[in-house]
Amino acid sequence: MTGTERQSYGIQILTAPTADTPGTSVALTFGRKRYLFGHLSEGTQRSLIQRSYGMRKLRNIFLTGITNWQTNGGLLGFILTIADVQAGERETDDSDRRPPIHIHSGPKLLHTLAAARRFIFRTGMPLTITESTCEASAWPSEPSYTDENIRVWSIPVKNASSDSANVSTPVTNPEVQREQDMRAKIVRDMFDSEWRRDRLIETPFKDVKMPAMVFIRDPETKELKGTHCPTHESASHIQPSQIVLVRNPWPASLVGSLPPASGLATDVSMSYVVRGHQQRGTFDPKKAIALGAKPGPIFSELTAGRSITLENGNIVTPEMVLGPQRISKGIAVFDLPSPEHFSYFKNLLSEAPPSSLDDIATVVWILGPGVAATEEFKNLLKSLDKLQHIVSDADTAPNKLSFESAALATTRLAKINPINFSVPVHSKDQYLDQSRRFVSSGVNVLPVQPGLKINLEPKYAIVSDEVPELDLDKLETLELPESIVKMQQPPRSSDLPPGDALTEPELITLGTGSAMPSKYRNVSATLVRLPHKQGNFLLDCGENTLGQLRRTFPADELQEVLRNLQGIWISHLHADHHLGTISVLQARAKAFDALGPEGRTADRTIYLMSEQNMIDFVREYSSVEPSLLSSSGYVPLVCTPQEGPTLDSQPFDLAASSSSLQRIETVKVSHCAGAQAVSLTFKSGFKVSYSGDCRPSYNFCRVGLDSDVLIHEATFDDEMQGDAIAKKHSTTAEALGIAVKMRAKNVLLTHFSQRYSKIPNLSNVKAADEIQYEEGNASQDAEPIEGVDGAPSVDEASRPAARAKKPAPLLRSLASNLPIAIAFDFMRIKVSEIAAAKQYYPAIQVMFELHEALNEERREEARKAQESVAKTKTAKKQGWQLEKEKGTGKKAKKGEKKEEGGMPTKANGERPSSFRPGRNGPIVETTQKNPQTPSHKRTVASSQGSRDASPSSSPPAAVTTMSKRALKKAAKRAATEQILGDFAKKRKATATTAAAAAAAAAAAGDAGAAGDANGEPSSGSGTAASLDAPGNKGRGESGPQRTL
């Protein structure tokens, strides 16, 4: 940063504490780069999708607070999203490498990421982790990070009552440093490895680690032929010394286990002070004119810090026309999770140099329970009364709706089907009401609010126009044809019945989308609730499942639901199916703790059932938070089709346990390494089968035979059969075909592609003998679970014989009689209600279509507004070019001559194309003066053909004859005044148009991004999905209407 550039930047609040966004995050935005400060808790990336905040330019993440799952639980999923969003970015124009992502944090973040090595894998994504060593015990004097935009001072804040100040650090302990180096290498291999799946290595067959896929080259055809070998003995045709080809092991598979993180500092909360570089001085137009520079583009070049060459050859540099440099405004983000951390921070700040916060304009306070209410904190705010304070207080933050699109969709569904849908739990408290406790004389305090912006440079301003204020009571009406709407059912109580009030099993679909969270659907999770307090079970637990639970149940009832949670089944280790597990386990432990002595003695047993890699991940992560295992009642059961559930490698009998589970049966399915489908049979006799993600499985039909409920993925519509096969998912027709083959009594379809939101066609059912079954391959093959597109996961030996290629018949009669429910987020449906769910789908489909038509209108309005802004900018640019032509005083072109009075003409008497009335015309000076007009403005310029004069304008009352020199001088002076006047008018018009366009865009849902307060946001861009149904844009049938 040379100081000749002028930076324009500001901050935006991305998330505030709510039920489903527990953390606070702030974005610092420059023109070509973005930085994120604060928490990356679960729900953060979905919030960014909701706000349509672009992640393509994000290069640095500064994590505040203590390294734990509450603050960083969304980091793993966020990194995967960043990897996909920035796939096309390049470090430089001539480089084929992607720009690196830098993450700055407190201790133990490397351990957190390394623990995820079994299921996260990306190539060509440089990722660097900088952990604070926590050595410093004073206010930092030098920045820990510097780039072309900012300088950052890291401030580790310790717990004043703990031993964290004296803990060993990697710098002082060689053993800890060695362990950190190992973790860093693992993380590099996870994101920037050169490993390729198609790379084979030669090795003697006896040295191959089993099970494995072994390749042998045919000596005649020279083709490679693969053989799946569960053991060496299973391939008797291969000699032990024979050289075979096997895949190069994925680097992470070579790391058995991580060393514990006990040697790293604990309970350290990170805070940061951020400053820009020096700003260039203010542009002085008088100096520029005095040097011979003309207003217009030349001024713009000088303002931007670039030198220009005048017509006379003189060079004008920015330093000649700019004022002195000045210090740019900065921000501070102070994260104080406890009163003990605040006490340490207050002492640290009191010993800091007096100028430590001199150039800081705004402080963002992220406060844990009990901090904001202390008098010490209020007094600290008073001592910093010249700063703007943004306070995120966990004790008083209102539980606002974070994902407006999902809330609006659920509210509309509740108007059609109030039995199975209800408005998500939320608070109507206003943000500003929460800041009154901090307000005192002379202190500027605002509560943290998503969408709040603060422009730091070049002009400080607080902008709250984009703070969402969603009022579900003012939801706009949609007219539905009465003929498709069933008679209104009596609404279910807003609260779910307590567990002992249930008389039959109930299914609550908490997350029904695929791959990544979207504006309308969260990732996979289904809660099975058994009657008479027999227990609750989660089938998959994607990121922010806890947030979905908090939006489903009121706080008191949620505690009971969590305490009755007996088991969590994880089907496979794709991030969208399990990254919410740790937060659910922690919340369940807190629910028992809330009971006091009774909770400490209660049976907290909860079974985590999955494959070995999931169990290992939780075990290794618990080194970051040891209480995860000690207080949750966690019992890990490794489940395999061959051995069933095992505990510590020993068979485990569920029937003999206190759990309501009688039996669990799993089968490997074709999706990714380790993927399994499951069938759960309870002691009451109720049987539920869950597919997870997979292609149709014959073995799954076998273990799930006669299930009371089949929950099957239906990621793709039937016309997307090719995509389903390529991505190893199922279509709607295939899922229903499995239900028929399984003889399931009820079917729940879920895990829909985020790109498709319409009601699937439920009349198509593939006959069981026409389904292309694929079974999971038992070979672990040391492969990463993420990023193995095209990997063979089908065991050819277990697949039924190939069928003739002909169109699959549609079993319409079976489909019409089969009880089928389509899952939406927050749907609560009892087993007996599944059969009646179909009757609502025509109305829901029409609602989608009407809603899409409404959003299409908004998008069109936004498009027109954007076109208007673009036209204004184009006109402005063209005006600048004209001003440049005028300002440089161009002479008549060759072949032109001047008419009497100085008007240019061509030889034939026509005016040249470059002529502009009022700009090239003669200017005469009148001697009339207005005595009330200032002397420097009394000269009145008149122009033949001027824009400001009407055709019938009368000539000046008195005209004096002027010399050519005086006329030229007067023309030059008037031209300059006209340029400045026109430029001011254009700027004012542009500002007015831009303001109107911004208002129209906001009302239109930001051109298909975030919606306004009273309307439904339209479909998002990029990877964000939409509830809007494509296709019919009509407003429905004619005839009687029903208003939603």
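So the number in our numbering is just where the residue sits in the sequence shown, counting from 1, plus 3.
For glycine and all other residues, C-beta sits at the position ideal for the given N, C-alpha and C.
Asked                                                                                                                                                                          : Found
In whole angstroms, what separates the C-alpha of E778 from that of A680?                                                                                                      : 11 Å
To the nearest angstrom, how far is the alpha carbon of H580 from that of L683?                                                                                                : 18 Å
One question on the structure: do T285 and G333 come within less than 7 Å of each other, judged by their Cβ atoms?                                                             : no
Counting along the chain, where does the alpha helix (DSSP H) carrying G326 start and finish?                                                                                  : From DSSP, G326 is part of no alpha helix (DSSP H); its letter is neither H nor E.
Return the first residue and the last residue of the beta strand (DSSP E) that E38 is part of.                                                                                 : The displayed chain sequence assigns Tyr, not Glu, to residue 38. 37 to 41 is the span of the beta strand (DSSP E), which, as asked, contains Y38.
For the beta strand (DSSP E) that contains F540, what are its first and last residues?                                                                                         : 539 to 544
Should P763 be labelled buried (16 or more other beta-carbon atoms within 10 Å of its own) or exposed?                                                                         : buried
May I have the straight-line CA-CA distance separating I301 from I311, to the nearest angstrom?                                                                                : 7 Å
What does a CB cutoff of less than 6 Å around V276 pick up in its chain, not counting 5 residues either side in sequence?                                                      : W156, A335
Report the three-state DSSP secondary structure of D362 (helix, strand or coil).                                                                                               : coil
Tell me which same chain residues have a C-beta within less than 8 Å of the C-beta of P25, skipping the five on either side of it?                                             : H42, S44, E45, G46, Q73, G550
Only counting the same chain, and skipping five residues up and downstream in sequence, which positions put a Cβ closer than 6 Å to that of K290?                              : V324
How many angstroms separate the CA atom of F380 from the CA atom of S634?                                                                                                      : 32 Å
For P159, which residues does DSSP report across the bridge?                                                                                                                   : M273
Could you work out which residue in P340, R59, D388, Y56 is closest to N71 when comparing CA atoms only?                                                                       : P340
Determine the extent of the beta strand (DSSP E) in which S335 is found, giving its start and end residues.                                                                    : In the sequence on display, residue 335 carries Ala and not Ser. Its beta strand (DSSP E) spans residues 333 to 339.
How many whole angstroms separate the CB atoms of L203 and L130, which I take to be in contact at a CB cut-off of 8 Å?                                                         : Contact flag wrong, Cβ pair sits at about 28 Å.
Report the start-end ranges of each alpha helix (DSSP H) in the region 49 to 81 that is 4 residues or longer and not cut off at the edges.                                     : 72 to 75
As an exercise, report each continuous alpha helix (DSSP H) stretch of at least 4 residues that is fully enclosed by the region 385 to 421, in chain order.                    : 407 to 419
How would you write the range of the alpha helix (DSSP H) that N702 sits in, first residue to last?                                                                            : 701 to 706
Classify P342 as helix, strand or coil using the three-state DSSP reduction.                                                                                                   : helix
Label Y463 either buried or exposed according to how many other C-beta atoms from any shown protein chain fall within 10 Å of its C-beta, with 16 as the threshold for buried. : exposed
Run through DSSP, which three-state label would S692 get?                                                                                                                      : strand
Kindly give me the distance between the Cβ atoms of L821 and A742, rounded to whole angstroms, as I take these residues to be in contact under 8 Å.                            : 6 Å
Look up A528 in the DSSP assignment and say whether it is helix, strand or coil.                                                                                               : strand
In the DSSP assignment, what residue or residues form a beta bridge with A30?                                                                                                  : Q15, L39
Provide the residue span of the beta strand (DSSP E) that contains L3, from first to last.                                                                                     : The requested residue 3 is not part of the displayed model; the chain covers only 4 to 1047.
Rounded to whole angstroms, what is the Cα-Cα separation between N146 and I330?                                                                                                : The question names Asn, but residue 146 is Pro in the sequence shown. P146 and I330: Cα-Cα distance of roughly 16 Å.
CB-CB under 6 Å to S626, same chain, minus the five flanking residues each way: which ones, in chain order?                                                                    : P263, A264
I'd like to confirm the pairing. Which residues does DSSP put opposite P648 in its beta bridges?                                                                               : C642
Could you tell me whether the Cβ atoms of P159 and V271 are closer together than 7 Å?                                                                                          : yes
Cβ atoms of G538 and S527: under 7 Å apart, would you say?                                                                                                                     : no
Helix or strand or just coil, what does DSSP make of Q740?                                                                                                                     : Note that residue 740 corresponds to Gly in the displayed sequence, not to Gln. Three-state result, G740: helix.
Quick check: the Cα distance between I552 and L261, rounded to an integer number of angstroms?                                                                                 : Per the sequence shown, residue 552 should be read as Leu rather than Ile. Between L552 and L261, the C-alpha separation is close to 32 Å.
Using a threshold of 7 Å, state whether the C-beta atoms of F208 and P243 are closer than that.                                                                                : yes
Using C-beta distances below 7 Å, list every residue in its chain close to A117, excluding the 5 sequence neighbours before and after it, in chain order.                      : R186, I189, V190, L261
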